[in-house]
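Visitor: The structure is given below, and queries will be raised subsequently.
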Amino acid sequence: MKLIIKKKEEGYGYSATMLPDYDGFIIIKPGFLKYKDEIVKDLKRRDFVVVDVEEKTLTKEEAETIYSCHKGKVFFDELIEYMTSGPCIGMTLLSPYSDRESAIETLQDLKTKYRKRYGVDLTRNVIHSSDSYQSAIYEAETFFNS
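For the record, in the sequence shown the residue sitting at position 5 is 4 according to numbering that gives the first Met the number 0, with numbers rising by one throughout.
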């Protein structure tokens, strides 16, 4: 965790916030772990640093929490069944960028690259990356702290 201290704009004093020491989160999905080394090399070429990494099979509850933004959509049940079907790899990443939005955009581009190259269909598509920093925190906490 990183302690961020800011001077209050109005009045006196400071405010403190604890933020995780990472900028993004990805999951290499079940059936695609063979691409881990290639993906990590690609991340390093883009100057990302892997902070945490864990291989595990998600529980139904973990998958439903990580993908809660898709609850109620036609593909949700299939996605949850797939994401709990075997081991996946979660990684938190530290980026070279001064703003987290650039880190998230770069990870989204990386996701698109691997989905186009190796994806089988809309569900079995190699990699998940968080669509915002807030999502990255929520998803990583679910993945690593369950």
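Heads up, the beta-carbon is just placed ideally off N, CA and C, and yes, glycines get one too.
Should the stretch 104 to 114 be called in touch with the stretch 48 to 62, which here means at least 3 C-beta pairs below 8 Å?
Guide: The answer is no - the stretch 48 to 62 does not touch the stretch 104 to 114, with fewer than three Cβ pairs under 8 Å.
Visitor: Give me the Cβ distance between R123 and G23, rounded to the nearest whole Å; I'm assuming they're in contact under 8 Å.
Guide: Position 124 of the sequence shown holds residue 123. Position 24 of the sequence shown holds residue 23. The Cβ separation is near 22 Å, so there is no contact.
Visitor: Measuring straight from C-alpha to C-alpha, what distance separates Y137 and L92?
Guide: Indexing the sequence shown from 1 puts residue 137 at position 138. Indexing the sequence shown from 1 puts residue 92 at position 93. C-alpha separation (whole angstroms): 14 Å.
Visitor: Please state the DSSP three-state secondary structure of D22.
Guide: Taking the sequence shown and counting its residues from 1, one reaches residue 22 at position 23. D22: coil per DSSP, three-state reduction.
Visitor: If you draw a straight line from the alpha carbon of S67 to that of D46, how long is it in whole angstroms?
Guide: Along the sequence shown, one-based indexing puts residue 67 at 68. Along the sequence shown, one-based indexing puts residue 46 at 47. When rounded, the distance between both Cα atoms is 30 Å.
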